[in-house]
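Protein chains in written order, with the working numbering: chain A, 1 to 85; chain B, 1 to 184.
Structure representation (structure tokens):
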């Protein structure tokens, strides 16, 4: 799981252009939106694309993202249980 | 009446005719200008090159003006012109949908596939609630541009315009010649 969390942090930094940020700077338990990384609605859509592109996970209902994208740790847990690649 | 002017190309930066020294060229120059002269707006890194160009050019211009900033105002319009619309963003987005076997449309790329997004970026940053326009021309026709800017002043609310030429075809080909003009 630690490897997946680290890889996911790298992918998030790249996909969302989080310039000057390193994986170590992201607390895997911190909120991705609002107070945490301060991501916006377009970032949420990019995270949906990231999951489909890298892990073969297609969200049937985009509103699922609200739960799945709570933090990197929650996202990694969901990916590990649902990935197809 | 024009009071301040900024000129940026991939290898040259001038503010009110004064050359600004820099180390980088191309889009890296825009990032250098952001880091050196702005630095407090991480959304910059998410922008397409046209918006980055407009953003840093407007920041240099407004810093040259030296007036209080970030107070809501309706008396300033943002009006740009170019020839290439949002070509670089269009190309970047197209690349995400080109291959049927690797078809992952990027929402972040898609949102910049209109040239007038940059006018919104600047209006949001500065809390401008006046007119915003982005006019695509065949060439940099100064007569048409002057006419459009004059027309904008027909609105009694508009007292000044942040406007000018803002064109970008890719990360190494762009030009900004922006100015602040005030109603006489």
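We put the beta carbon where it would ideally sit given N, CA and C, even for glycine.
Between the region 60-72 of chain B and the region 81-97 of chain B there are fewer than three inter-stretch CB-CB distances shorter than 8 Å, so the stretches are not counted as touching. Contact between the region 20-28 of chain B and the region 27-35 of chain A is not established, with fewer than three Cβ pairs separated by less than 8 Å.
For the region 30-83 of chain B, the continuous beta strand (DSSP E) assignments of 3+ residues that do not extend past its boundaries occur at 76-82, in sequence order. By the Cβ neighbour-count rule, residue 69 of chain A is buried, with 16 or more other Cβ atoms within 10 Å of its own.
When DSSP reads this structure, residue 167 of chain B sits in a beta bridge with B/175.
Under the 8 Å Cβ criterion, the region 51-71 of chain A does not count as touching the region 150-158 of chain B, having fewer than three qualifying pairs.
For residue 42 of chain A, the chain B residues whose C-beta falls within less than 7 Å of its own C-beta are 107, 108 and 111, listed in chain order.
Runs of the alpha helix (DSSP H) spanning 4 or more residues and lying entirely within the region 51-79 of chain A occur at 65-68, in chain order. The beta-carbon separation of residue 2 of chain B and residue 124 of chain B, rounded to 25 Å, does not stay under the 8 Å limit for a contact.
Residues 79 of the same chain have their beta carbon placed closer than 6 Å to that of residue 133 of chain B, with the five preceding and five following residues left out of the count. Residue 176 of chain B is not a Cβ neighbour of residue 89 of chain B, given a cutoff of 7 Å. The residue among A/2, A/39, A/49 and A/40 with its C-alpha nearest the C-alpha of residue 24 of chain A is A/2. Under the 8 Å Cβ criterion, the region 37-51 of chain B counts as touching the region 106-124 of chain B, having at least three qualifying pairs. With contact defined as three or more Cβ pairs closer than 8 Å, the region 26-34 of chain B and the region 5-14 of chain B are in contact.
A buried status is given to residue 167 of chain B, since no fewer than 16 other beta-carbon atoms sit within 10 Å of its beta-carbon.
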